[in-house]
Amino acid sequence: TYDSPPGPGKGWAYAAASGAGVRLGGVFEGSLKGLMEGSLTLTSPRTLFLSLRNLAAGLPLEAEVTTELSIPGSVPVGGYATVIVEVRNDGYAVANGVTVIAIAPEKSRFLSATGSYKNYNVTHWRGVEYTPKPYIRWDFAAVPARSSQKMSYQVRLPAGTQSNIQTGIDVDAVTTAWANAIFANFELGDTP
């Protein structure tokens with residue numbers, strides 16, 4: 418616990434590294450809110466130094482949801498590609514009602530995904546050419562603060578020329594309500 422001019426509060430810390438000195442990390446809650454970093458020397462005289470980052474006095478803690486892809490660089494003609502999708506909440510509050518939407522390469526064929534997902538085969542027509550594009554969706558009731566989760570999906574790329582899998586794929590996080598509105602008129606292609 419602590420006392421400060423804006424008021425009292427509490428905080429917690431963990432040992433991020435130990436040795437002759439201990440490096441600490443944690444958060445302050447209450448009137449001072451933010452990420453705490455510090456060091457404690459174990460030699461005599463012992464000293465404790467603490468600093469606060471992301472100080473937001475009086476403001477509520479917020480979620481900070483981001484997404485990231487890990488993809489293979491090149492896949493053989495007609496080959497299989499596994500794409501890893503990560504959703505992170507780097508904030509200090511729970512993110513409620515989050516949907517992660519991954520867009521697979523154009524003309525690829527969806528094969529499978531991990532976790533509880535929904536697959537939509539969104540069709541594009543270029544003149545008379547049928548160009549399907551799989552969309553994979555994961556719904557989360559809540560993404561906990563300071564957490565990350567990885568999912569993956571596998572597609573088969575079309576036959577033809579060597580394909581750079583990085584072309585035409587994307588991932589984003591939106592609210593589940595918005596995802597429901599976006600996909601309201603699309604039929605599910607495959608669900609677990």
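Here the sequence shown is numbered in my numbering, starting from 418 and rising by one per residue.
We put the beta carbon where it would ideally sit given N, CA and C, even for glycine.
Fair warning: this is a prediction, and the values are worked out from it, not measured in the lab.
When the Cα atoms are used, what is the spatial distance from residue i to residue j?
{"i": "Trp595", "j": "Val502", "result": "20 Å"}
{"i": "Gly455", "j": "Gly442", "result": "6 Å"}
{"i": "Thr592", "j": "Arg505", "result": "14 Å"}
{"i": "Val511", "j": "Asn538", "result": "31 Å"}
{"i": "Arg440", "j": "Ala432", "result": "6 Å"}
{"i": "Pro493", "j": "Gly532", "result": "27 Å"}
{"i": "Leu449", "j": "Gln571", "result": "45 Å"}
{"i": "Leu478", "j": "Tyr509", "result": "6 Å"}
{"i": "Met453", "j": "Thr464", "result": "16 Å"}
{"i": "Thr460", "j": "Gly438", "result": "8 Å"}
{"i": "Thr611", "j": "Ser468", "result": "Since the first residue of the chain shown is 418 and the last is 609, residue 611 is not available in this structure."}
For residue i, which beta-bridge partners are listed by DSSP?
{"i": "Thr464", "result": "DSSP, once it has assigned bridges, lists no residue as partnering Thr464."}
{"i": "Asn506", "result": "Val482, Ser564"}
{"i": "Pro549", "result": "Thr540"}
{"i": "Phe603", "result": "DSSP output for Phe603 lists no bridge partner at all."}
{"i": "Leu469", "result": "Met453"}
Which two residues bound the contiguous alpha helix (DSSP H) that contains residue i?
{"i": "Thr540", "result": "Element bounds for Thr540: not the alpha helix (DSSP H) but the beta strand (DSSP E), 534–543."}
{"i": "Ala598", "result": "593–599"}
Check whether the Cβ atoms of residue i and residue j sit closer than 8 Å, and answer yes or no.
{"i": "Asn513", "j": "Ala562", "result": "no"}
{"i": "Gly426", "j": "Glu446", "result": "yes"}
{"i": "Leu486", "j": "Lys535", "result": "no"}
{"i": "Ala530", "j": "Met568", "result": "yes"}
{"i": "Asp556", "j": "Thr499", "result": "no"}
Taking 7 Å as the limit between beta carbons, can you name the residues of its chain near residue i, skipping five residues before and five after?
{"i": "Lys550", "result": "Ile520, Ala521, Glu523, Val539, His541"}
{"i": "Asp589", "result": "Thr484, Ile518"}
Starting from residue i, trace the beta strand (DSSP E) both ways and give me its first and last residue.
{"i": "Asn513", "result": "512–520"}
{"i": "Val444", "result": "438–447"}
{"i": "Leu528", "result": "526–530"}
Note down, in chain order, each residue of its chain lying with its Cβ closer than 6 Å to the Cβ of residue i, except the 5 sequence neighbours on either side.
{"i": "Thr483", "result": "Arg505"}
Using a C-beta cutoff of 8 Å, does residue i count as contacting chain D?
{"i": "Thr593", "result": "Among the chains of the structure shown, chain D does not appear; only one protein chain is present."}
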